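S.K.:
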Amino acid sequence: MELSTTHWTAVLLGGLALVYLALKPLSSPKGVPFPPGPRGFPIVGNLFDLPWKEGWMIPVLYRDIGRQLKSDVLHFTLLGKHIIVLNSKEATHELLEVRSGKYSDRPRLNLLRHVMGLDWLAAIMPYGNDWRDMRRAYHMNFGVAEHRSAETKSARALLRDLLATPDDFMAHCRQVTTSTTLDVAYGLDVQHGDQYTQTGANVLSAVVYGTSVLALVLDAIPSLMNIPHGILRSLYWKSWGYRKSIGDMLSSPWKAAIESQDQSRQSVAATTKKLQSEGYYQDASQDVAKELPANIFFSGANTPVSASGTFFLAMAKYPDVQRRAQEEIDRVVGTDRLPTFADDADLPYVNALVKEIFRWRPTAPLAIPHASMEDDTYNGLFIPKDSLVLGNSWAILHDEKTYPDPERLLPERWLGKEKDFPDAAFGFGRRHCPGKQLSREWMFITFASILATYNVSKAVDASGKEIEPVDDYSATVFSYPAPFQCRIEPRSDAARRLIETSAEEDLFAA
Numbered sequence: 000m001e002l003s004t005t006h007w008t009a010v011l012l013g014g015l016a017l018v019y020l021a022l023k024p025l026s027s028p029k030g031v032p033f034p035p036g037p038r039g040f041p042i043v044g045n046l047f048d049l050p051w052k053e054g055w056m057i058p059v060l061y062r063d064i065g066r067q068l069k070s071d072v073l074h075f076t077l078l079g080k081h082i083i084v085l086n087s088k089e090a091t092h093e094l095l096e097v098r099s100g101k102y103s104d105r106p107r108l109n110l111l112r113h114v115m116g117l118d119w120l121a122a123i124m125p126y127g128n129d130w131r132d133m134r135r136a137y138h139m140n141f142g143v144a145e146h147r148s149a150e151t152k153s154a155r156a157l158l159r160d161l162l163a164t165p166d167d168f169m170a171h172c173r174q175v176t177t178s179t180t181l182d183v184a185y186g187l188d189v190q191h192g193d194q195y196t197q198t199g200a201n202v203l204s205a206v207v208y209g210t211s212v213l214a215l216v217l218d219a220i221p222s223l224m225n226i227p228h229g230i231l232r233s234l235y236w237k238s239w240g241y242r243k244s245i246g247d248m249l250s251s252p253w254k255a256a257i258e259s260q261d262q263s264r265q266s267v268a269a270t271t272k273k274l275q276s277e278g279y280y281q282d283a284s285q286d287v288a289k290e291l292p293a294n295i296f297f298s299g300a301n302t303p304v305s306a307s308g309t310f311f312l313a314m315a316k317y318p319d320v321q322r323r324a325q326e327e328i329d330r331v332v333g334t335d336r337l338p339t340f341a342d343d344a345d346l347p348y349v350n351a352l353v354k355e356i357f358r359w360r361p362t363a364p365l366a367i368p369h370a371s372m373e374d375d376t377y378n379g380l381f382i383p384k385d386s387l388v389l390g391n392s393w394a395i396l397h398d399e400k401t402y403p404d405p406e407r408l409l410p411e412r413w414l415g416k417e418k419d420f421p422d423a424a425f426g427f428g429r430r431h432c433p434g435k436q437l438s439r440e441w442m443f444i445t446f447a448s449i450l451a452t453y454n455v456s457k458a459v460d461a462s463g464k465e466i467e468p469v470d471d472y473s474a475t476v477f478s479y480p481a482p483f484q485c486r487i488e489p490r491s492d493a494a495r496r497l498i499e500t501s502a503e504e505d506l507f508a509a
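Everything in the sequence shown is counted per numbering that gives the first Met the number 0, starting at 0 for the first residue and increasing by one.
#1: With contact counted as at least three CB pairs below 8 Å, one residue from each stretch, are the stretch 433 to 447 and the stretch 352 to 360 in contact?
#2: Are the CB atoms of N301 and L389 nearer to each other than 8 Å?
#3: For I487, I'd like the list of residues in its chain whose CB is within less than 7 Å of its CB, leaving aside the five on either flank, ordered along the chain.
#4: Which residue's Cα is closest to the Cα of R429: P405, L217, Y472 and M124?
#5: By Cβ distance, which residues of its chain are closer than 6 Å to V469, with the 5 residues on each side in sequence left out?
#6: So does the stretch 372 to 390 actually touch the stretch 331 to 351, counting three or more Cβ pairs closer than 8 Å?
#7: Check whether the Cβ atoms of V72 and I83 sit closer than 8 Å, and answer yes or no.
#8: Would you say the beta carbon of L497 comes nearer than 7 Å to a heavy atom of the ligand MG?
#9: Would you identify the three-state DSSP class for E465, choosing helix, strand or coil?
#10: Given a cut-off of 8 Å on the beta-carbon distance, is the pair N109 and L217 in contact?
#11: Give me the Cβ distance between W393 and P361, rounded to the nearest whole Å; I'm assuming they're in contact under 8 Å.
#12: Between the C-alpha atoms of K254 and M314, what's the straight-line distance to the nearest angstrom?
#13: Can you check which of these residues, I220, V206 and E258, is closest to G240 by C-alpha distance?
#14: Going by CA-CA distance only, name the one from A170, D182, Q321 and A184 that's closest to D193.
#15: Quick check on H397: buried or exposed, where buried means 16 or more other Cβ atoms within 10 Å of its Cβ?
#16: Assign Q67 to one of two classes, buried (16 or more other C-beta atoms within 10 Å of its C-beta) or exposed (fewer than that).
#17: For a quick check, are the C-beta atoms of C172 and G299 less than 8 Å apart?
#18: Does I257 come out as helix, strand or coil in the three-state DSSP assignment?
#19: Taking a contact to mean a Cβ-Cβ separation below 8 Å, would you say E327 touches R147 in this structure?
#20: Would I257 be called buried (16 or more neighbouring beta carbons within 10 Å of its own) or exposed?
#21: So, at 7 Å on beta carbons, what are the nonlocal neighbours of Y137 in its own chain, with the 5 sequence-adjacent residues on each side left out?
#22: Would you mind stating whether P410 and V320 have Cβ atoms separated by less than 8 Å?
#23: From which residue to which residue does the alpha helix (DSSP H) around Y208 run?
#24: Label M76 either buried or exposed according to how many other C-beta atoms from any shown protein chain fall within 10 Å of its C-beta, with 16 as the threshold for buried.
#25: For H397, which three-state DSSP category applies?
#26: State the start and end residues of the unbroken beta strand (DSSP E) segment that holds L389.
#27: To the nearest angstrom, how far is it from the Cα of S438 to the Cα of P303?
#28: Closer than 6 Å by C-beta to T180: which residues in its own chain qualify, once you throw out the five before and the five after it? Chain order, please.
#29: Just verifying my parser: in three-state terms, what is the DSSP assignment at K316?
#30: Between the Cα of S371 and the Cα atoms of P364, A363 and F381, which residue gives the shortest distance?
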């Protein structure tokens, strides 16, 4: 059977890439050593040391390698590409915070940005004017307090859904979160946006695939991006298949918002479009009014779902924590109404629980990779320009020196430290997630509402024996608990009535 032109092209490009890599020097200048790391092979480097399977244990693997080598900074190579892993708060602070001017770029991520068409996602944009425009647009029209009514509405809707079918708690979390995000971003009133929920899940899968080791292998051969689209499509068929979902996330809710008859609804899309019409972002190369709400859709449809799933897992595993939080709510709020944001300052243990959920099982255990913009040295170790730099959020948030007994859910560790926060869960430096405070408030009203009305406990089998919930996580960019069982039951008849009448409440209480 004869090889097609596509196959011959792939073979030729691959051969040229291997010749290039074989001749490319990987030594550090002036004898300054690279950070320690596993010994690799010629050309392919540490291809067989890096984790190919996506999963929760990847940051743990990096942490353990660092312990074996007695270094909080690790060095890997992959087809000539340098990868730096930062396993400590000290290293991430010095490099990604203090020296952020050198480390605020992103790697190429060609699969995501060029093959899949996700070049509008701010989280993976190169450091430059387009990213600055998007960041500025976010801060100009996305205040936290403005969206408390939508977050409260989201929490109340989740309570009612749990009453109807409690076993579907993860599906309810995703549907309610998607609906709320569409409300905030586009002003769309979507009760159960199944279409949009699936779109969000598909794009998440695309991002996970596009930041995998396989994607980094393909990034190491940038010449592959210069071949014609027809050949590119056959080489990267799986990546190309994600393009429709990514296009739908950008265009479908935007089109629905434009066609909506209710033009009076406040939304990020409406505000940004107005600002753009008044001359803001006129030098931007992208459509900020269209792309900013899509960014919010992506982030908002994933982070709260992960944290909410972790909350249910934690409450099933740690009944004493649940009991103490409920006692605080009963004492401050009472049992004849639901919590509101007005109760926030008076519920320190619930706030501590929110922080501990973000620390215990961070939504993003490995931060989105940074890219070094120039050669640098750290503690006598050489970090080359264009290195891929990974902040190991999980290792930092599970450091025994900072968080004793880190695998235990212990909200008490945050009491009396109101200004402290598990910042590593939201990225580093100039590329940290700007929605950190919004996420904290959203989780506060969600967790407080559930604790006020429900008991979460371990499921039981047919013989009445408790089933230990599975504590396992999947994915890398956003980590979700693996499917597990738990019981979710109203705390009392009075709590049931509160849930049933919650739709009639004044949802604009602050």
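Virtual Cβ for every residue (Gly too), placed ideally from N, Cα, C.
Remember, it's a predicted structure, so these values are computed and weren't measured experimentally.
M.R.: Concretely, from the data shown:
#1: Verdict: yes, contact present.
#2: no
#3: L161, P165, F168, Y453 and V455
#4: M124
#5: A481 and F483
#6: Too few Cβ pairs lie closer than 8 Å, so no.
#7: Yes.
#8: This structure simply doesn't include the ligand MG, nor any ligand for that matter.
#9: strand
#10: yes
#11: 6 Å
#12: 40 Å
#13: V206
#14: The option with the nearest alpha carbon to D193 is A170.
#15: buried
#16: exposed
#17: no
#18: helix
#19: no
#20: Here I257 is exposed. Its C-beta has fewer than 16 other C-beta atoms within 10 Å.
#21: Correct list, in chain order: L291 and P433.
#22: Contact flag set, yes.
#23: D193 to G209
#24: Per the sequence shown, the amino acid found at residue 76 is Thr instead of Met. By the neighbour-count criterion, in which a residue is buried when 16 or more other Cβ atoms sit within 10 angstroms of its Cβ, T76 is buried.
#25: For H397, the secondary structure class from DSSP, reduced to helix, strand or coil, is coil.
#26: L387 to G390
#27: 7 Å
#28: F296, G299 and A300
#29: helix
#30: F381
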